[in-house]
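Here the structure is laid out as structure tokens; the discussion comes afterwards.
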Amino acid sequence: MPSPRERMVVSAALLIRERGAHATAISDVLDHSGAPRGSAYHYFPGGRTQLLCEAVDYAGEHVAAIIDGADASLQLMDTLIDKYRRQLLKSDFRAGCPIVAVSVEAGEEHDRERMAPVVDRAAAVFDRWTDRIAARFIADGIPGERARELSVLA
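Just so we're aligned, residue 1322 is where the sequence shown starts under this note's numbering, counting upward by one.
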């Protein structure tokens, strides 16, 4: 069984993908995860920003594992597209990618300074994903520059 800390990180990622980071409050994460009220600042002394950063890392690693598990470029693309298609259908098109949600909100003026670490984490996740996807494409014979261009679209 996952620890309260792990449940909170997963819950934050799930809530971000539906509501965005700005609308994901610690109280919502506690309710969603079932974690005890006092655990938020015990596990996340950096507060909401730390929790959101760890949720971004969790979501990033979840997708990175899918990328790393693919034996071929076509399988990788089929798997990623199918995963998000099923997620969108299951959520009635409410649950997207938490990394995209954070990135889209990055341009908003309010809370920009406090959200900067979260946005930086999201950018690092995108970089890791595109590097890994490009490596998969290159391994399948796509020339390096073209593989990098295509990885950004994936």
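Cβ coordinates follow ideal geometry from the N, Cα and C atoms, glycine included.
Since this is a predicted model, take the numbers as computed values, not measurements.
Out of A1386, A1443, M1329, which one is the CA nearest neighbour of S1424? It is A1443 whose Cα lies nearest to the Cα of S1424.
Using the Cα positions of E1382 and R1326, report the straight-line distance between them to the nearest angstrom. Spanning the two alpha carbons is a distance of roughly 17 Å.
Quick one: residues in its chain with C-beta nearer than 6 Å to the C-beta of E1375, no 5 flanking neighbours on either side, listed in chain order? Excluding sequence positions up to five before and after E1375, its CB lies within less than 6 Å of the CB of V1330, all in the same chain and listed in chain order.
As assigned by DSSP and simplified to three states, the class of T1400: Note: T1400 maps to helix in three-state DSSP.
CA nearest to the CA of A1385, picked from I1420, T1370, R1406, P1438: Out of I1420, T1370, R1406, P1438, I1420 has the C-alpha closest to the C-alpha of A1385.
Give the secondary structure of H1353 by DSSP, where H, G and I count as helix, E and B as strand, and everything else as coil. Looking at H1353 - three-state DSSP - the assignment turns out to be helix.
Which residues in the same chain have their Cβ closer than 6 Å to the Cβ of Y1364, if we skip the five residues on either side of it in sequence? Only R1326 meet the Cβ criterion.
If you draw a straight line from the alpha carbon of D1349 to that of E1339, how long is it in whole angstroms? Just so you know, the alpha carbons of D1349 and E1339 end up roughly 12 Å apart.
Own chain partners of G1355 with C-beta closer than 7 Å, once the 5 adjacent residues on each side are dropped: If the five residues before and after G1355 are omitted, its C-beta is found closer than 7 Å to the C-beta atoms of R1328, all from its own chain and listed in chain order.
Check whether the Cβ atoms of A1334 and Y1379 lie closer than 9 Å to each other. In this structure, A1334 places its C-beta atom within 9 Å of the C-beta atom of Y1379.
Just to confirm the assignment, what range does the alpha helix (DSSP H) spanning H1363 have? From DSSP, the alpha helix (DSSP H) with H1363 extends over 1360-1364.
Cα-Cα, which of R1358, I1387, Q1371, P1323 is closest to W1450? With distances taken between Cα atoms, W1450 lies closest to I1387.
Which two residues bound the contiguous alpha helix (DSSP H) that contains F1447? Taken as a continuous stretch (DSSP letters only), the alpha helix (DSSP H) holding F1447 covers 1433-1460.
In terms of residues, what are the limits of the alpha helix (DSSP H) holding M1329? Residues 1325-1340.
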